[in-house]
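Working notes, structure below.
Chains as they are written, first to last, in full-length UniProt numbering: chain G, 1 to 481; chain R, 1 to 350.
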């Protein structure tokens, strides 16, 4: 760590502070070391740090070559994800930013290809599934989600949003694509099912489908994409790639900041008077969600304390409304549920099944949501979801879209992190530790069929619908970093 | 329809013979799937015609499609291809503005494009298989045991791809088809191929699926058609594998190219638009009767029509696996949940 500032307690806030004064390379190194030492951990801090870092990376990028920018971001992304593969959110943010660059490029290139494309060719560029490949292409055009995101926020929450919330609709193409349905019908031709009919992009390669053949799993830019990106940077000089991408990243930061409030805006639809709500672990999203409901309604919360790794945080959030040292949230806004007049019962995890028959709804926080609708959440979540299933209690998961990952749970063991076993049995207890293996997994994988509903900052979705949100937010070519 | 061999068919039609073209195309390339062969045959039909208006082309297509569909006993998979092609033509021809061409010669241009790129479609279709393989190989983890069935070429490609990466060691349990089934050969080939790649393969009969399931980590099957609700139509026995896998909590993945998506909405096994005699109730007297009349019922086998046998026999029958049994459908456009299928289809048709 070579930055000039003195680090008092390394973590998110010290990193963000040092980012202002340190050049990019040492900052990347700094972030990597923080990730490795778990001094920045959990989804939200990781997401905030990653966006801030990428903003710097893009800001210091020299030149206007989009292909090089993509390569650069990818390079940083790869370093970060390999530093801490289990913080999936880091990879998500990197992919979002890559998608941003591509979107900016696509938007600016569209007008050009139409003007310059060879008139002898029957299938023009926007006709080609290679152009904006696969699922993403046409879906994102008329996705109702985009419009949902563009809608003005609930007035009561708008006041709380710390940032200028007008920003969210300032730049339409990203979060709030105002493409009308009529316009999208034209691009509706770009359909993956028609993939085999599409014209090859380069006229010379008449009989080899260049793009289609290149395996997507390779993780490199396809030659075609590179070609297009460089072509583009040559042909177009009068638009500011960097500025647009940076604007996009700032929008992403706004999204991170506001996602909890947007989620909480749904609370009154889901929590009714006199219900008994079961939740577990300490989560800002869930806390805000419940608080939003508590403003209008009286209900009861049963809180499973998530022993051993999260119970202090859980107790903290119940007592003061805050996790121990969360510097990113607005301090004034925080009060515990009990202060809002909500009756709260804390139970040990082992009581979950016993109490489930009286519970009306389970609300879970999550670490990561996966593309198939499953989720990785604090240990105990699987048991709670199973118990809920057994009692036919609906399970609602609240999560920002930034936690939604295009990753498939190919190997569950890779996703589950094991923590410090000394919180279960202290190391002083030598006899015990010698003779018995103690394990303390931090996370659980909850399969999709145990979840009834996801509430994200875009609204409520069934688990089977998540594939589409994934397709809306990530480009297929970026899925493997 | 009476029974004909491909050679007699060729001579019996002075005009363009779609059926024999289709069969020749299928026979010429063992890697070809039915929908793609059907598309190729239709392109050929357009090439051999003198149509030069949109309406004429569509009429011609409908006509040939009907002949083609009625000529084989199980047209589900085939109709995915013909429908897709027809729909593609309708959308492109009706929207000349979407092509960057002069207003008057768009039809000729699209026709030329189709004719000159007939081969390209096939290449693409085959390429999509490789693409699926590259998606799907991530599903197979080190030390996993995979249960599969049928002679699906996509599944074969996927497993081969996984086997090629040297770091992975996985085992395959292969549910063999009955000897008299048309894809038994394909299955044997896949098994031999995998064994040649040093993948340990165990072959079991249908009846041993439940028994072996305890040792299985995941089920991967191919499909003849993927229907609108996300279910699949596949070789008889796939449904029971799906049911068993579900009951044991094993993930059940389907690999299929997206040109196999077909507009059908079967609700049960008996809704399929084909006539298959799986349940053949008999009393003693029926058994004694000579089964001469059976010859006239069906003709052709489900897939490669190079055999001389011409029944859609019980061994070649298909069943319908409902979407709730399927964990994911691996296509060349990514891994879809069953509910994504209808969206893909809706995008094309509406």
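The C-beta atom is built at its ideal place from N, Cα and C for all residues, glycine as well.
Assigned secondary structure, residue 241 of chain G (DSSP; H/G/I helix, E/B strand, else coil): Helix.
Exposure of residue 296 of chain G, with buried meaning 16 or more beta-carbon neighbours within 10 Å: Sixteen is the threshold: since fewer than 16 other Cβ atoms of the shown chains lie within 10 Å of the Cβ of residue 296 of chain G, the residue is exposed.
Positions along the stretch 387-398 of chain G whose CB lies within less than 9 angstroms of some CB in chain R: Correct list: empty, as no residue qualifies.
Neighbour-count burial assignment, residue 66 of chain R, 16 or more Cβ in a 10 Å radius: Exposed, by the Cβ-count rule.
Whole-number beta carbon distance between residue 305 of chain G and residue 348 of chain G, since they are thought to touch under 8 angstroms: Sure, about 6 angstroms apart at Cβ, within 8 angstroms.
Residues that residue 476 of chain G contacts on chain R, provided the C-beta gap is smaller than 8 angstroms: In chain order: 333 and 334.
Test item: CB-CB of residue 80 of chain R and residue 225 of chain R under 8 angstroms: The answer is yes: Cβ separation under 8 angstroms.
Short CB-CB distance (under 8 angstroms) between residue 38 of chain R and chain G: Cβ-Cβ to chain G under 8 angstroms: no for residue 38 of chain R.
Rounded Cβ spacing between residue 381 of chain G and residue 364 of chain G (contact assumed at less than 8 angstroms): Between residue 364 of chain G and residue 381 of chain G the Cβ distance is about 6 angstroms, and since that is below 8 angstroms, they are a contact.
Residue 233 of chain R and residue 172 of chain R closer than 8 angstroms at C-beta: For residue 233 of chain R and residue 172 of chain R, no; Cβs fall outside 8 angstroms.
Whole-number beta carbon distance between residue 338 of chain R and residue 326 of chain R, since they are thought to touch under 8 angstroms: In this structure residue 326 of chain R is in contact with residue 338 of chain R, their Cβ atoms being roughly 5 angstroms apart against a cut-off of 8 angstroms.
Cβ pair count under 8 angstroms reaching 3, the stretch 276-291 of chain G against the stretch 339-354 of chain G: Contact between the stretch 276-291 of chain G and the stretch 339-354 of chain G is present, with at least three C-beta pairs closer than 8 angstroms.
For residue 235 of chain R: DSSP bridge partner residues: Beta-bridge pairing links residue 235 of chain R to R/318.
For residue 149 of chain R, the residue or residues it bridges with in DSSP: Among the bridge pairs identified by DSSP, residue 149 of chain R is matched with R/175.
CB contact flag (residue 115 of chain R, residue 47 of chain R, <8 angstroms): Contact: yes.
Cutoff 8 angstroms: residue 125 of chain R Cβ touching any chain G Cβ: Chain G contact via Cβ: present.
Residue 288 of chain R (DSSP reduced to helix, strand or coil): Annotated three-state conformation of residue 288 of chain R is helix, per DSSP.
Completely contained beta strand (DSSP E) runs for the stretch 354-422 of chain G, where each covers 3 or more residues: Taking only runs of at least 3 residues, the beta strand (DSSP E) segments lying wholly in the stretch 354-422 of chain G are 361-364, 375-378 and 395-398.
Three-state class that DSSP yields for residue 343 of chain G in the structure shown: The answer is strand: DSSP assigns residue 343 of chain G an E or B state.
Cutoff 8 angstroms: residue 481 of chain G Cβ touching any chain R Cβ: Contacts with chain R at 8 angstroms (Cβ-Cβ) do not include residue 481 of chain G.
Rounded C-alpha distance that separates residue 248 of chain R from residue 317 of chain G: Taking C-alpha positions only, residue 248 of chain R is separated from residue 317 of chain G by approximately 40 angstroms.
Cβ of residue 372 of chain G within 8 angstroms of any chain R Cβ: Using a Cβ-Cβ cut-off of 8 angstroms, residue 372 of chain G counts as an interface residue toward chain R, since at least one Cβ of chain R sits closer than that to its own.
Nearest-angstrom Cα separation, counted from residue 57 of chain R out to residue 475 of chain G: If you take the alpha carbons of residue 475 of chain G and residue 57 of chain R, they lie about 37 angstroms apart.
Three-state secondary structure assigned by DSSP to residue 202 of chain R: Residue state, collapsed to three classes: strand.
Other residues of its chain near residue 16 of chain G: CB distance less than 8 angstroms, five sequence neighbours each side excluded: Non-local beta-carbon contacts of residue 16 of chain G in its own chain, meaning distances under 8 angstroms to residues more than five positions away in sequence, involve 48, 49 and 52 in chain order.
Below-8 angstroms beta-carbon distance, residue 47 of chain R vs any chain G residue: Contacts with chain G at 8 angstroms (Cβ-Cβ) do not include residue 47 of chain R.
Chain R within 8 angstroms of residue 445 of chain G, Cβ atoms only: At a cut-off of 8 angstroms between beta-carbon atoms, residue 445 of chain G makes no contact with chain R.
Residue-chain proximity (residue 464 of chain G, chain R), Cβ-Cβ < 8 angstroms: With 8 angstroms as the cut-off, residue 464 of chain G counts as an interface residue toward chain R.
DSSP state of residue 63 of chain R mapped onto helix, strand, coil: The DSSP-derived three-state label of residue 63 of chain R is helix.
Best match in G/58, G/42, G/40 and G/14 for proximity to residue 25 of chain G [C-alpha to C-alpha]: That would be G/58, whose Cα lies nearest to the Cα of residue 25 of chain G.
Neighbouring residues, chain G, relative to residue 242 of chain R (Cβ below 7 angstroms): Near residue 242 of chain R there are no residues of chain G at all, since even the closest Cβ is about 15 angstroms away, more than 7 angstroms.
Residue 289 of chain G at chain R interface by Cβ criterion, 8 angstroms: Not one chain R Cβ lies under 8 angstroms of residue 289 of chain G.
Helix, strand or coil at residue 441 of chain G [DSSP, three-state]: Note: residue 441 of chain G maps to strand in three-state DSSP.
Identified DSSP bridge partners for residue 329 of chain R: As computed with DSSP, residue 329 of chain R is found in a beta bridge with R/254 and R/336.
Chain R contact for residue 411 of chain G (CB, 8 angstroms cutoff): By this cut-off, residue 411 of chain G is an interface position.
Proximity test, Cβ basis, 8 angstroms: residue 328 of chain R and chain G: Interface residue (Cβ-Cβ distance to chain G less than 8 angstroms): residue 328 of chain R is classified as such.
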